[in-house]
Each structure stands twice: as C-alpha cells, then as structure tokens.
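>
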Amino acid sequence: MKRRYFSLTAPALMLAASPFFVTGAQAQAAKPKEGTDYRRLETPVSIEAPSGKIEVVEFFRYSCPHCNAFEPTLDAWSKKFPPDVVLRRIPIAFGDVDVPQQRLYYALEAMGLLPKLHAKVFYAMHVEKLNIIKGDAIIDWVAQQGGDKAKFQDQFSSFCVNSKATKATQMQNGYGVEGVPALGVAGRFYTDGAITRTM
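Count along the sequence shown from 1, then add 511; that gives the number in my numbering.
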C-alpha cells in the first residue's frame with residue numbers, strides 16, 4: 512500500500528464529511544473526488560457517535576500487513592482530531608477464519624486491555640511472527656501479556672463479545688468493505704486502498 516497517499520486521502524475524505532474539519536496540512540490536500548477517492552453509500556449506515564459528532568470508522572484485521580502499516584498513521588492522525596470527531600475501530604471478518612480476531616479485539620475492549628495490547632497484537636503477528644489467529648493461541652498470548660487467562664477466556668466466548676462481532680460484520684457489510692484497511696465516515700462515505708488505487 513502506498514501509505515502516504517492513502518493517509519492523505521483519509522483526511523481529504525473527512526473534508527467531504529464536514530466543511531469545518533480542516534487542519535493546516537489537510538487544507539493543502541486536494542479536494543476529494545467521489546468515485547476516485549471515496550464513494551458515497553447508497554444507503555447510509557447507522558452510527559454510534561452522539562448527535563453533532565462525526566464518526567470515523569477504521570475497518571481492520573490484525574493479521575493484515577497493510578493494517579499493521581497503517582495503524583501508526585491512523586493513531587497519530589486520530590490524536591489531532593477536532594473535538595467533534597470520534598474514531599471507532601471495527602475488526603472485520605471476511606470468513607470464519609477471521610472471527611477469532613474480532614473476538615480478540617472485543618474481549619480486550621471488555622477487559623479494558625485495548626490501550627495496552629492493541630498495538631502489541633499487530634507487533635506480535637507482524638514483527639515477532641507469532642501465529643495468534645486461533646482461539647487457544649490468542650488466549651495463551653493474552654495471558655503471557657499479563658491478562659487474566661480465565662477472565663479473558665470467559666470474555667472471548669461471551670454472548671456480549673459474540674454480539675459485537677456479529678454487529679461488526681453487519682457494519683462491514685453495510686459499508687461494503689472489500690479490503691482493509693478501510694475507512695468509513697459519518698455513515699455516508701467509504702474509502703480504501705482499492706478505491707484510491709494505493710494498494
């Protein structure tokens with residue numbers, strides 16, 4: 512993925528969502544073009560952001576090398592968001608093999624471990640080359656990171672985590688996600704590397 516271009520396209524997409532969402536660097540970015548830089552959804556997707564907030568959704572998969580490369584850019588960019596913009600991460604599942612990664616994300620969230628372990632999951636998979644894509648390996652890895660193994664296992668298999676994973680897949684389908692990383696904005700706009708031809 513040509514990360515630089517995609518990372519410039521993402522703020523440009525934000526401009527399309529809100530004329531007030533402008534920073535110095537973003538003001539210099541070319542105005543995004545529908546069909547070239549993003550697509551408008553035919554049917555808007557429900558958002559969770561409160562009224563008056565702009566929701567930016569990152570669709571990702573921990574095992575995706577492009578998502579791993581994009582994560583530091585997104586993290587730095589999100590720290591510069593204006594107060595009316597909120598970031599929401601959605602782990603995707605293109606098939607049953609990806610569901611454990613969705614469960615990993617939501618179980619970490621339920622236990623309050625996302626701030627500590629989200630970036631470490633990417634590091635473990637892509638730098639340390641650990642095969643933590645299946646349930647038992649994921650549970651063991653979280654325990655090695657200091658997480659309570661029994662509690663994590665309960666969360667990983669819980670109804671709540673299963674419901675969030677199902678809802679994530681519905682959101683993914685609503686946006687029409689075909690590849691990751693991808694961004695959705697305000698339930699109305701979508702972009703990914705294939706649209707911008709940067710992947």
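Every residue gets a Cβ at the ideal spot worked out from N, C-alpha and C, and that includes glycine.
Identify, in the order they occur along the chain, each residue of the same chain with its Cβ nearer than 7 angstroms to the Cβ of methionine 622, setting aside the five sequence neighbours on each side.
The answer, listed in chain order, is Gly658, Lys662, Phe663 and Gln666.
> Run through DSSP, which three-state label would isoleucine 643 get?
If DSSP states are grouped into helix, strand and coil, isoleucine 643 belongs with coil.
> Per the contact definition of three or more C-beta pairs closer than 8 angstroms, is the region 623-635 in contact with the region 673-685?
Too few Cβ pairs lie closer than 8 angstroms, so no.
> In angstroms, rounded to a whole number, what distance separates the CA positions of phenylalanine 592 and isoleucine 644?
So the alpha carbons of these two residues sit roughly 32 angstroms apart.
> What residue does the beta strand (DSSP E) around leucine 598 start on, and which one ends it?
Unbroken beta strand (DSSP E) run through leucine 598: 596-602.
> When you compare only the Cα positions, how much space is there between glycine 546 and arginine 572?
Straight-line Cα distance between these residues: approximately 24 angstroms.
> Classify isoleucine 565 as helix, strand or coil using the three-state DSSP reduction.
If DSSP states are grouped into helix, strand and coil, isoleucine 565 belongs with the strands.
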